[in-house]
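Here the protein sequences come in this chain order: C and E. Position one of the first sequence corresponds to residue -17 (this note's numbering), numbered consecutively onward. Position one of the second sequence corresponds to residue 2 (this note's numbering), numbered consecutively onward. Glycine included, every Cβ here is placed at the ideal spot set by N, Cα and C. Please read the structure below before turning to the comments.
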Amino acid sequence: KAGVTQTPRYLIKTRGQQVTLSCSPISGHRSVSWYQQTPGQGLQFLFEYFSETQRNKGNFPGRFSGRQFSNSRSEMNVSTLELGDSALYLCASRQAPSTDTQYFGPGTRLTVL
Amino acid sequence: AQSVAQPEDQVNVAEGNPLTVKCTYSVSGNPYLFWYVQYPNRGLQFLLKYITGDNLVKGSYGFEAEFNKSQTSFHLKKPSALVSDSALYFCAVRDGSGGYNKLIFGAGTRLAVHP
């Protein structure tokens, strides 16, 4: 079974721009979560989507948003990029929000100049 | 609030020696604990989890973890380290507050296995 895939793997943007990241979960997994990883803050939960609905949201500004499609694929959008948004963005999937184990994709490395 | 702590930024081990990566937790209720490993330029790979049952949990790649309720610890162990085990290791706890279910991660411990 194919794992979680994320595109693109690397992205370079400038301040003020917006960016969209994509995540395809493991087949049969309907829940997708997003995490931000930075050297200073570590791994932080952004949000989770299930059945095209945001179920849970971390402590991030409204510039960070997401959505989920009917095939469970998810996108994450960051508007008005700031230098501090430079990070590895990880997507994780699981069968349902009640399932404990999450499986992570390789991440998208975003660099904001 | 649920939290985990990894007291060591880095652990150095000689190849062939046993390794231990430490994790302590603070939770209300029963802890659901996880270990993940991250290799350079890769995402997190699931190693093992403790939900309930035996205090010694066996996982992938020969790793195991010992759950100790009295010491609120969940240390990751391997009897004989390999150079290829060198990576960043994360301990995590499930946060089920508010009826949701997300992971709270520790800061990570870098494991360096020397030939």
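With a threshold of 8 angstroms between beta-carbons, can residue i be considered close to chain E, or not?
i: C/Y71; result: no
i: C/P43; result: no
i: C/G66; result: no
i: C/F46; result: no
i: C/Y31; result: no
i: C/N59; result: no
Do you know offhand how far residue i's Cα is from residue j's?
i: E/D86; j: E/E65; result: 13 angstroms
i: E/A113; j: C/S52; result: 43 angstroms
i: C/S80; j: C/G(-2); result: 37 angstroms
i: C/G22; j: E/F35; result: 22 angstroms
i: E/S29; j: C/Q26; result: 20 angstroms
i: E/T53; j: E/K23; result: 19 angstroms
Is it right to say residue i is buried, meaning 16 or more other beta carbons lie within 10 angstroms of its own, or is it exposed?
i: C/I(-6); result: exposed
i: E/H115; result: exposed
i: E/Q11; result: exposed
i: E/K79; result: buried
i: E/S81; result: exposed
i: C/T7; result: Per the sequence presented here, residue 7 of chain C reads as Pro, with Thr not at that position. C/P7 should be labelled buried.
i: E/N42; result: exposed
Closer than 8 angstroms, CB to CB, is residue i near chain C or not?
i: E/Y62; result: no
i: E/L48; result: no
For residue i, which residues from the same chain have a beta carbon less than 6 angstroms from its beta carbon, with the 5 sequence-adjacent residues on both sides left out?
i: C/N59; result: T2 and S47
i: E/V14; result: L20, A82 and V114
Quick one: residues in its chain with C-beta nearer than 7 angstroms to the C-beta of residue i, no 5 flanking neighbours on either side, listed in chain order?
i: C/R12; result: F32, S33, S54, Q77 and A78
i: C/R45; result: V60, S61 and T62
i: C/Y17; result: L25, Q26, F27, L28, L72 and A74
At a Cβ cut of 8 angstroms, what residues of the segment 98 to 114 of chain E count as close to chain C, listed as they run along the chain?
G99, Y101, N102, K103, L104, I105, F106, G107, A108 and G109
Interface positions of the segment 30 to 43 of chain E facing chain C (Cβ-Cβ less than 8 angstroms), listed along the chain
Y33, F35, Y37, N42 and R43
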